[in-house]
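Colleague: Questions regarding the structure given below will be posed in turn.
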Amino acid sequence: MNGTLKRVAVACLAMFALLMINVNFLQAVRAEEYRTDPRNTRNYYDRYAIERGRITAGGKVLAQSVETKDSDFKFVRKYTDGKLYAHVTGYFSPESESAIERSENALLDGSSADLLLRRSIDLFTGEPTRGASVDLTINPKAQKAAYDALRNSGKRGAVIALDPKTGAILAMVSLPTFDPAELSGTDKGTVFKRYDELDADKSQPLLNRTISQTYPPGSTFKVVTMAAYLEADSSRGPQTTVAAPQRLPLPQTNISLPNYGGAACGSGQVTLVYALEKSCNTPFASMGMELGFDAMKEQTEKFGMGTPVSVPMAAAQSDFGKDYDKAALAMASIGQRDNRMTPLQMAMIAAGIANDGTVMKPYLVNKITDAKGDAIEEAEPDELKTDAVSSETAAKLREMMASVVSNGTANLAQVPGVQVAGKTGTAETLDGAPPHAWFISFAPAEDPKVALAVIVESGAANVGAEATGGHTAAPIAKAVLEAVLNK
Amino acid sequence: MSEVAVSPVPMPAKRRGAQLIMLALAVLIVMGAYANVGLAIDGQVPAGMLTYGLSLGGLMLAAYLVLAKFAPWADPLILPLVTLVNGIGLVVIYRLESAPMKGASATNQIIMTGIGVVLFAVTLLVLRDHRALQRLTYTAGLVGVVLLISPLVPGLGKEINGARIWIGFGSATIQPAEFAKIALVVFFAGYLVAKRDVLALAGRRLLFIDLPRARDLGPVLITWAVAIGVLVLQKDLGSSLLLFGGFVVMLYIATQRTSWVLIGILLFVGGAFLAGQLFSHVGDRFDVWLNPSSAEFYEREFGGSYQIMQGLFGLGAGGILGTGLGQGHPELIPLAFSDFIFNATGEELGLTGLMAILMIYALIVQRGLRTSLAARDPFSKLLAGGLSFILAWQVFIIVGGVTNLIPLTGLVTPFMSQGGSALLANWILIALLVRTSDAARRPPPQAIQNEGLTQVFQR
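Quick mapping for you: the protein sequence lines, in order, are chains A and B. If you're matching positions, the first sequence starts at 3 in our numbering and goes up one per residue. If you're matching positions, the second sequence starts at 33 in our numbering and goes up one per residue.
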């Protein structure tokens, strides 16, 4: 029987060999596939197993991981002033994350290749891996001022402020907002239920209106038309006179374009600065038609439209619209029709003018440091578009925009002791709702430290003048300017 | 001549000292693993470590002493190897209990280990010569079949998780198939020793295989019928496969005829195929095996792939080195403490740990087969060969099942899975192997020369 016994022994050996080969295949070859399977709930526990880095801004901790007693969820995410920074920090929910929590996830949770060396050292010294901390460019005072001022208006809207010289984002507020803590708990049931509620909410609290939503820019877009008009002929200046009829007949149609409320614009022949101060429609519509679609679109692109921007959250694309006909171009030149801009894009236009015609790449992350405080990455300001306008044109625009605030529609944005430049806008919406109130601005006009865009949705409900952007949006801008300039 | 005559037969060494050292090593590894679990979960050495460790150590010392006294020539490796897998199983169950996982109970398991070791010792004490079992061939067969079908008796049998393989008295349940396994191996060994010549020689040769006579097919067909009966009536695919496979291999060892293996495989595959067509739960196992990650099977509430996928996720999470004891989430795998304990171990000890565990099993089987080769009589050879094969076969079926190498059938991982019946039965199985190896390795009676014409035997 020894012969058959030996064969049985070989069969047993073969069985164990098969088992071993199979286990090798599963744990060495296919392990990654099983690890990353979305049905593998271990991923969900792993999210809470390491100490994520902090998110800070201006010396203030916005988000941090706090140790718990629970063995399944070692660390949970805590947010300071969650509602105020919700659209900046984002949330960290059991299966997903948003905003900075998402964009910088690999650094925050320590899995980034940039942290490889640090992780290897931790492995040898036996220290638990900790994620890197992300410091933001947000100025907490400006953020708070923008949030409070916008909230006091009782409307939905957005405020975004930039440092025009670097592109650093100083304030990013979108209302309505949400509490990231509610979406960052460990209990999937409650978190997902809350998320579904917020997601279904018609007021869209989860939407970051500063970068993810586009609006018709209204009269704030006249700055772009003006820029193109000045660029086309360097002899033009604030005192150049243009025709400003009460109504402008639009070619190939039987309609004519009025000024806001059908009002006259001066004597019908006005200076450029006057047209901007009073935000007359007819002269800008004529300018746009005179320049042509391509020149207008090109000017908008020089200010950054069409260039993908990530702050690091990707911004929605702004759009000048299609080249239908002269009448459509006339409308687009005063910021109506299907001309749509994000508040970020409008802020970049203001910042470009403030920065002598150079548009800087907007960014939100100032510095990334590892758990020991050593810098891994530091933001380096970068130009997005140079010569959006020549520096002469930029100077002329600054002078005219300053005049809009001191003599025109935006007097509510005046800050004592500082020359503020700006442009109001009132954007009609298609559905007949009250128009949106816009304001773009920078200050001080002679040496700008901050540029911003404010939009208050349906913010022009009960005001009768073109000054509506000036009435609702300008005071919000003023609060932010004061916060940044320490006034 | 003054030179001492060299003994013609080399004396096998008893190696009791080596066995004691390895036993101590096995207990130390287990205690270290306990400490590891406690440190990982609570940051401190668990209070129970000494209690568990000392009770395991004490038990093994007792087993060692019984073995040294009553089976001194037994293979020195078998007991330490079994101690190690049993201990690792205990630690994994303890770890699952602290997860916490409902149903896992390390206390229960250590009590069962204790009883198992007592049964091991009692078997060695009572059964001084395993050949006595040969006289009980048909009794063993009857006991085996009665145990096997006992769960079908109304009022006695209990159906748990869809399989009717338990009998219960109040809240206590036992799985008689585990004990039937041993009784049937004893029966097969005795029966085949008696009939092997007939089974091996009679018959006609057709093409290249030797066909047995029709009347010799009887016992094969009966065993097949019992196996298929277990499969169909008790819905216990695992035990059915285990028993029939064990029988066929023993038949092959005894008769040295490949035709038996081919006939056996054909019969079983045919029976299983029919069962698969007739009973959905058997067919489901096949679908799930071929396509475990498909969403359709994964989301199916009964007979789906959720369990096997969770097991595979566990193995994936472990990777090559494992998460470390106490640092994974093996409690996410359903039945991690019983059927899927291999996956729970793989998650925390990694590929490295699983290779070691498979190696330990392979070594136990190898020591058993060595015993079989060394045994001097056919009954001992068949008994040791059958017991060793059935152990290997069981590891293959369950580990292959939970790692999706073969379709999943419900069996326990020997010595590791929580559950009294299997642990007790396997300790008895090991006692029989040890007893056989003692007889096999014991030096044959030496003829003392120079005594004139009279030969005096000395042990």
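For each residue, glycine too, the CB sits at the ideal point set by N, CA and C.
Using a Cβ cut-off of 7 Å, pull out every chain A residue sitting near B/H361, in sequence order please.
Modeller: R44 and Y47
Colleague: Under 7 Å, Cβ to Cβ, is there at least one residue of chain A near B/V262?
Modeller: no
Colleague: Looking at the strands, I want to know which residues DSSP matches up with B/D107.
Modeller: DSSP lists no partner for B/D107.
Colleague: With 7 Å set as the bound, which would you pick, yes or no: does the beta-carbon of B/Q76 sit closer than that to a beta-carbon of chain A?
Modeller: no
Colleague: For B/T109, which residues of its own chain have a beta-carbon under 6 Å away from its beta-carbon, when the five flanking residues on both sides are left out?
Modeller: In the sequence under discussion, the amino acid at residue 109 of chain B is Leu, which differs from the Thr named in the question. Hits under 6 Å: R399.
Colleague: B/M282 lies in the alpha helix (DSSP H); which residues open and close that run?
Modeller: L269 to T287
Colleague: Check whether chain E comes within 7 Å of B/T435, counting only Cβ atoms and requiring the distance to be less than that.
Modeller: The structure shown contains no chain E; its protein chains are A and B.
Colleague: What residues in the region 110-137 of chain A bring their beta carbon closer than 8 Å to a beta carbon of chain B?
Modeller: none
Colleague: Measuring CB atoms only, is the region 147-156 of chain B touching the region 97-104 of chain B, in the sense that at least three cross pairs come out at less than 8 Å?
Modeller: yes
Colleague: At 8 Å on the CB atoms, spell out the chain A contacts of B/Q288, in chain order.
Modeller: For B/Q288, the chain A residues whose Cβ falls inside 8 Å of its Cβ are M3, G5 and T6, in order along the chain.
Colleague: Checking contacts by CB at 7 Å: is B/K413 closer than that to chain A?
Modeller: yes
Colleague: Compare the C-beta of A/K480 against all C-beta atoms of chain B and say whether one is closer than 7 Å.
Modeller: Closer than 7 Å: no.
Colleague: Do we get a CB-CB distance below 7 Å when we pair B/L383 with the residues of chain A?
Modeller: yes
Colleague: Going by DSSP in three states, A/S1 sits in which element: helix, strand or coil?
Modeller: An answer regarding residue 1 of chain A cannot be provided, because it is not within the stretch 3 to 489 covered by chain A.
Colleague: Is the Cβ-Cβ distance between B/V397 and B/A424 less than 7 Å?
Modeller: yes
Colleague: Leaving out the 5 sequence neighbours to the left and right, which residues in its chain are closer than 6 Å to B/P410 when beta-carbon positions are compared?
Modeller: V225
Colleague: When the Cα atoms are used, what is the spatial distance from A/S135 to A/N24?
Modeller: 42 Å
Colleague: Buried or exposed: where does B/G278 fall if 16 or more other Cβ atoms within 10 Å of its Cβ makes it buried?
Modeller: The residue is buried, with at least 16 neighbouring Cβ atoms inside 10 Å.
Colleague: Tell me, please, whether the CB atom of A/Y50 is closer than 7 Å to any CB atom in chain B?
Modeller: False, the Cβ-Cβ gap to chain B never drops below 7 Å.
Colleague: Using a Cβ-Cβ distance under 7 Å, would B/G351 count as near chain A?
Modeller: yes
Colleague: How big is the Cα-Cα spacing for A/T474 and A/I442?
Modeller: 12 Å
Colleague: Kindly indicate if chain A contains any beta-carbon less than 7 Å away from that of B/I373.
Modeller: no
Colleague: Can you give me the start and stop residues for the alpha helix (DSSP H) that B/V434 sits inside?
Modeller: P410 to V434
Colleague: Our contact map puts A/M298 next to A/L331 with C-beta atoms below 8 Å; I'd like the distance itself, whole angstroms only.
Modeller: 7 Å
Colleague: Going along chain A, which residues have a C-beta under 9 Å from B/Y32?
Modeller: In the structure as shown, chain B begins at 33 and stops at 491. Residue 32 of chain B is therefore absent and cannot be evaluated.
Colleague: Okay, do the region 281-298 of chain A and the region 255-266 of chain A touch, 3+ Cβ pairs below 8 Å being the bar?
Modeller: Segments in contact, yes.
Colleague: Report yes if the CB atom of A/Y149 is closer than 7 Å to the CB atom of A/L86, and no otherwise.
Modeller: For A/Y149 and A/L86, yes; Cβs fall inside 7 Å.
Colleague: Excluding the 5 residues flanking A/I162 on each side, which residues of the same chain have their C-beta closer than 6 Å to its C-beta?
Modeller: M174, T212, P345, L346, A349 and A455
Colleague: Suppose the cutoff is 6 Å on Cβ atoms and the five residues either side in sequence are ignored; what does the same chain contact list for B/Q207 look like?
Modeller: I197, W198 and S453
Colleague: Should B/S404 be flagged as near chain A, meaning a C-beta pair shorter than 7 Å?
Modeller: yes
Colleague: Can you list, in chain order, the residues of its chain with a C-beta nearer than 6 Å to that of A/E379? Leave out the 5 residues immediately preceding and following it.
Modeller: I370
Colleague: Examine chain A for any beta-carbon lying closer than 7 Å to the beta-carbon of B/I214, and answer yes or no.
Modeller: no
Colleague: Determine the burial state of A/T388: buried for a count of at least 16 other Cβ atoms within 10 Å of its Cβ, exposed for fewer.
Modeller: The residue in question, A/T388, is exposed, as its Cβ has fewer than 16 Cβ neighbours within 10 Å.
Colleague: What residue range is occupied by the uninterrupted alpha helix (DSSP H) comprising A/F77?
Modeller: Premise fails: A/F77 lies in the beta strand (DSSP E), F77 to Y81, not in any alpha helix (DSSP H).
Colleague: Pull up the CB-CB distance for A/P178 and A/S205, whole angstroms please, since I reckon it's below 8 Å.
Modeller: 5 Å
Colleague: Tell me whether A/S408 sits in a helix, a strand or coil according to DSSP, three-state version.
Modeller: helix
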